[in-house]
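> Numbering (the numbering used here) for the sequence shown: 1 to 184.
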Amino acid sequence: MTKAKNSADRLIKKYPNRRLYDTQTSSYITLTDVKQLVLDNEEFTVVDAKNGDELTRSILLQIILEEESHGAPMFSSAALSQIIRYYGHAMQGMMGSYLEKNIQTFIDIQNKLAENSKGLYEGKPFSPEMWSQFMNVQGPMMQGMMSNYIEQSKNLFVQMQEQMQSQTKNMFGTFPFGNPPDQK
Numbered sequence: 001m002t003k004a005k006n007s008a009d010r011l012i013k014k015y016p017n018r019r020l021y022d023t024q025t026s027s028y029i030t031l032t033d034v035k036q037l038v039l040d041n042e043e044f045t046v047v048d049a050k051n052g053d054e055l056t057r058s059i060l061l062q063i064i065l066e067e068e069s070h071g072a073p074m075f076s077s078a079a080l081s082q083i084i085r086y087y088g089h090a091m092q093g094m095m096g097s098y099l100e101k102n103i104q105t106f107i108d109i110q111n112k113l114a115e116n117s118k119g120l121y122e123g124k125p126f127s128p129e130m131w132s133q134f135m136n137v138q139g140p141m142m143q144g145m146m147s148n149y150i151e152q153s154k155n156l157f158v159q160m161q162e163q164m165q166s167q168t169k170n171m172f173g174t175f176p177f178g179n180p181p182d183q184k
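#1: Near D33, which residues of its chain fall below 8 Å by C-beta distance, leaving aside the five closest residues on each side in sequence?
#2: Note down, in chain order, each residue of its chain lying with its Cβ closer than 8 Å to the Cβ of I63, except the 5 sequence neighbours on either side.
#3: Just how far apart, CA to CA, sit E68 and L61?
#4: Taking the beta strand (DSSP E) that R10 belongs to, which residues open and close that run?
#5: Would you mind giving the Cβ-Cβ distance between K50 and P73, rounded to the nearest angstrom? I have them listed as a contact below 8 Å.
#6: Going by DSSP in three states, Q167 sits in which element: helix, strand or coil?
#7: Using alpha carbons as the reference points, say which of R18, T25, L11 lies closest to E43.
Structure below.
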């Protein structure tokens, strides 16, 4: 783990007894409180109180684990297995970037929908119930948008593959290996 960076972020210290201490409020907090900070878009950093190692990712992963074990999970076992298979794989870095770009695209679509629908509910932000109603009414339109999103995602992945192939050819093209057999 890396040492925590100095920043204006809210600092949370994790003690050996697994307790989390919020230095801004001078109080102990729970993972549920940290989850609320995430939901409130609060920037924070979690550090090991003893050695200063940054633990933010570890704490976020704990929150995801708790969320996945309660209620309706976001990831299927098959999806989690596929993600695990990319660890240590040559494409690991690209897969992380690919997933981040897809999540950002999905957030952008959701924000655009929320912005376009402000007038529908007197300018109030959408609650989960309102999203449910909206999705029931706008199903066909959403299917079209999601189809476009999936197509964009596929194209992004194909571009990444082509870029990797091109870089590999450029990198190894100078070696006297001969030409590879034609693939059909």
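Idealized CB from N, CA, C, for every residue including glycine.
The short version:
#1: By one-based count along the sequence shown, residue 33 stands at place 33. These residues qualify, in order along the chain: L20, D22.
#2: Taking the sequence shown and counting its residues from 1, one reaches residue 63 at position 63. Cβ within range, chain order: L31, V34, K35, V38.
#3: Translated into the one-based positions of the sequence shown, residue 68 becomes position 68. Translated into the one-based positions of the sequence shown, residue 61 becomes position 61. For E68 and L61, the gap between their C-alpha atoms comes out near 10 Å.
#4: Here residue 10 refers to the residue found at position 10 when the sequence shown is read from its first residue. If you look at R10, you'll find it in the beta strand (DSSP E) that goes 10 to 14.
#5: Taking the first residue of the sequence shown as position 1, residue 50 is located at position 50. Taking the first residue of the sequence shown as position 1, residue 73 is located at position 73. Not a contact, Cβ separation roughly 33 Å.
#6: Taking the first residue of the sequence shown as position 1, residue 167 is located at position 167. Three-state DSSP puts Q167 in a helix.
#7: On the sequence shown, position 43 is the one that residue 43 refers to. Looking at the Cα atoms, L11 is the closest of the given residues.
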